[in-house]
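Asks:
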Ligand SMILES: Cc1cc2nc3c(=O)[nH]c(=O)nc-3n(C[C@H](O)[C@H](O)[C@H](O)COP(=O)(O)OP(=O)(O)OC[C@H]3O[C@@H](n4cnc5c(N)ncnc54)[C@H](O)[C@@H]3O)c2cc1C
């Protein structure tokens with residue numbers, strides 16, 4: 004296995020569950036890849052705030068298998084609450100009543116648009132959440148008159164958060180797959196799950212510990228530079244590296260994807276500073292969501308402001324961006340004092356851009372004994388932790404069959 008991100012560790016765990024021993028080579032000092040703990044300037048942070056949803060069935064099953072305790076995440080029913088008072092919350096009712104009731108009880112969205120959203124969901128159900136011809140999310144929303152306030156506060160933020168691609172470019176069919184499995188999924192499928200431990204401890208490290216009990220091994224700080232030597236040494240090789248990292252190992256398999264960034268700005272305030280809930284939306288500036296790390300990881304007074312996908316913020320210095328984030332937070336949270344410190348972590352190639360009709364590479368590479376895993380290979384999901392986990396399981400199954 005090359006790569007100890009969520010995909011590589013999912014593959015290694017799946018192999019071990021079927022009795023196959025694997026060695027995982029990882030360049031970095033800790034496992035996790037694009038979802039990892041980083042030690043920087045004497046602080047321990049995540050490379051970016053992550054949100055999981057109830058529909059992440061494959062990942063949760065693997066987490067349970069390697070002994071991650073349920074309290075490693077904070078589970079909450081879907082709630083989109085904005086600092087300006089707009090609020091949509093799924094109600095504790097069996098589906099589809101939970102979403103229906105939530106839309107009817109929503110605050111700050113006109114009646115006409117809330118009823119329109121229910122009609123939109125009905126129309127999507129009739130279509131089986133799949134368009135015969137893909138288009139952009141923006142076009143889909145315009146076609147169904149969903150581009151007013153409901154578009155601004157609900158659909159577009161969901162698109163950017165899930166696909167990390169602006170609605171004018173994002174694939175409607177990938178967005179519909181997300182809506183099908185979350186809003187229109189089972190009762191808990193749209194729940195939000197926020198990590199209470201760092202991202203390496205959330206799955207990759209417990210997976211590595213469990214793997215060791217099964218005879219497997221994780222070697223951190225171990226960059227694979229040549230595929231040939233691995234192929235000679237092992238029965239199968241799973242390349243679970245990021246899409247842009249494939250070029251160095253197997254140029255014939257690499258593709259020229261476009262990428263989208265995710266910026267996380269950490270702002271440390273006095274310990275008494277808290278958000279009214281662990282995740283709050285800001286809908287009028289550069290910050291999209293802000294997370295209360297005190298309520299999650301116990302880092303009191305630490306807020307994480309998240310900016311997904313491309314935007315003007317990419318032209319700002321980190322100092323200017325942190326100052327802009329603080330200004331937006333101060334406008335939303337009265338009498339917020341200046342931060343004691345701030346730190347921006349910019350993941351410039353956080354994920355591939357998921358444009359309309361994007362083709363994904365197959366897990367089976369055509370090279371004997373070589374398989375691909377990674378968030379970018381899932382045929383229908385956006386590049387997420389769940390897509391990574393699903394791809395790892397599928398790559399392991401293909402390797403075992405071969
Ligand atoms: C800031 C940020 C926020 C995000 N937010 C969310 C979110 O809220 N929810 C969500 O579901 N997803 C989110 N994502 C996406 C999610 O993190 C990724 O989809 C997932 O982590 C990808 O996992 P992967 O295993 O496919 O790839 P990676 O995590 O990229 O793993 C590849 C691994 O391979 C290693 N590697 C590469 N080359 C070599 C080599 N030659 N030898 C050895 N090792 C090598 C790398 O070091 C890396 O550890 C976010 C991503 C970022 C960056």
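In our numbering, the protein residues as written are 4 to 405. Where is the CB? At the ideal position from N, CA and C, for every residue including glycine.
1) What is the DSSP secondary structure of residue 409, reduced to helix, strand or coil?
2) Going by other Cβ atoms of all chains shown within 10 Å of its Cβ, with 16 needed for buried, is residue 246 buried or exposed?
3) What residues are listed by DSSP as bridge partners for residue 238?
4) Is the stretch 170 to 179 close to the stretch 139 to 149, with three or more CB pairs under 8 Å?
5) Would you kindly work out how many angstroms separate the C-alpha atoms of residue 40 and residue 119, rounded to a whole number?
6) Of the choices 28, 125 and 262, whose alpha-carbon is the least far from that of residue 230?
7) Count the CB pairs spanning the stretch 282 to 296 and the stretch 306 to 325 that are closer than 8 Å, and state whether there are at least three.
8) For residue 386, count neighbouring C-beta atoms within 10 Å of its own C-beta (all shown protein chains included) and say buried if the count is 16 or more, exposed if not.
9) What are the boundary residues of the alpha helix (DSSP H) that includes residue 250?
10) Distance, Cα to Cα, residue 285 vs residue 165?
11) Verify the contact flag: residue 397, CB atom, against every heavy atom of ligand 1, threshold strictly below 6 Å.
12) Do residue 382 and ligand 1 come close, with the Cβ less than 6 Å from some heavy atom?
13) With DSSP run on the structure shown, which of helix, strand or coil describes residue 264?
14) Hey, is residue 272 close to ligand 1, as in C-beta under 6 Å from one of its heavy atoms?
15) Looking only at DSSP bridge pairs, what is residue 198 linked to?
16) For residue 46 and residue 16, I'd like the C-alpha separation in whole angstroms.
17) Could you check the C-alpha separation between residue 240 and residue 213 for me, to the nearest Å?
18) Would the stretch 342 to 353 count as touching the stretch 271 to 284 if we require 3 or more Cβ pairs under 8 Å?
19) To the nearest angstrom, report how far apart residue 25 and residue 276 are at their CA atoms.
20) From which residue to which residue does the beta strand (DSSP E) around residue 49 run?
21) First and last residue of the beta strand (DSSP E) that includes residue 217?
22) Looking at the secondary structure, which residues open and close the alpha helix (DSSP H) in which residue 330 lies?
23) Any idea what DSSP makes of residue 315, helix, strand or coil?
Replies: Reading from the atomic positions:
1) This structure cannot settle anything about residue 409, because the visible part of the chain is limited to 4 through 405.
2) Locating residue 246 in the chain shown gives position 243, counting from the first residue. Result: buried.
3) Here residue 238 corresponds to residue number 235 of the chain shown, with the count starting at 1. As computed with DSSP, residue 238 is found in no beta bridge at all.
4) Verdict: yes, contact present.
5) On the chain shown, position 37 is the one that residue 40 refers to. On the chain shown, position 116 is the one that residue 119 refers to. Inter-residue distance for residue 40 and residue 119 is about 42 Å (C-alpha atoms, whole angstroms).
6) For the purposes of this step, residue 230 is identified with residue 227 of the chain shown, where counting begins at 1. Minimum Cα distance to residue 230 is reached at 28.
7) Taking 8 Å as the limit for Cβ pairs, the verdict is that the stretch 306 to 325 does touch the stretch 282 to 296.
8) In the chain shown, residue 386 corresponds to position 383, counting from 1. Looking at its Cβ environment, which holds 16 or more other Cβ atoms inside 10 Å, residue 386 is buried.
9) Counting from 1 along the chain shown, the entry for residue 250 is found at position 247. 249 to 252 is the span of the alpha helix (DSSP H), which, as asked, contains residue 250.
10) Locating residue 285 in the chain shown gives position 282, where the first residue counts as 1. Locating residue 165 in the chain shown gives position 162, where the first residue counts as 1. The alpha-carbon atoms of residue 285 and residue 165 are separated by roughly 17 Å.
11) Walking along the chain shown from the start, residue 397 turns up at place 394. No, the Cβ of residue 397 stays beyond 6 Å of every heavy atom of ligand 1.
12) Residue numbering aside, residue 382 sits at position 379 when the chain shown is read from its first letter. Residue 382 Cβ: outside cutoff for every heavy atom of ligand 1.
13) Along the chain shown, read from residue 1 onward, the residue named residue 264 stands at position 261. It is a strand residue.
14) Reading the chain shown from its first residue, position 269 is the one you call residue 272. Not so, every heavy atom of ligand 1 lies at least 6 Å from the Cβ.
15) Translated into positions along the chain shown, residue 198 becomes position 195. DSSP, once it has assigned bridges, lists 76 as partnering residue 198.
16) Counting from 1 along the chain shown, the entry for residue 46 is found at position 43. Counting from 1 along the chain shown, the entry for residue 16 is found at position 13. Note on geometry: alpha-carbon atoms of residue 46 and residue 16 lie some 30 Å from one another.
17) Translated into positions along the chain shown, residue 240 becomes position 237. Translated into positions along the chain shown, residue 213 becomes position 210. Cα to Cα, the separation comes out at about 21 Å.
18) Output reads yes: the stretch 271 to 284 touches the stretch 342 to 353.
19) Sequence index remark: in the chain shown, residue 25 carries index 22 (1-based). Sequence index remark: in the chain shown, residue 276 carries index 273 (1-based). Cα to Cα, the separation comes out at about 46 Å.
20) Locating residue 49 in the chain shown gives position 46, where the first residue counts as 1. Its beta strand (DSSP E) spans residues 46 to 49.
21) The residue labelled residue 217 in the question sits at position 214 within the chain shown. For residue 217, no beta strand (DSSP E) run applies, since DSSP gives it neither H nor E.
22) Position 327 of the chain shown holds residue 330. Residues 321 to 335.
23) The count along the chain shown starts at 1 and reaches residue 315 at position 312. Of the three classes helix, strand and coil, the one that applies to residue 315 here is helix, per DSSP.
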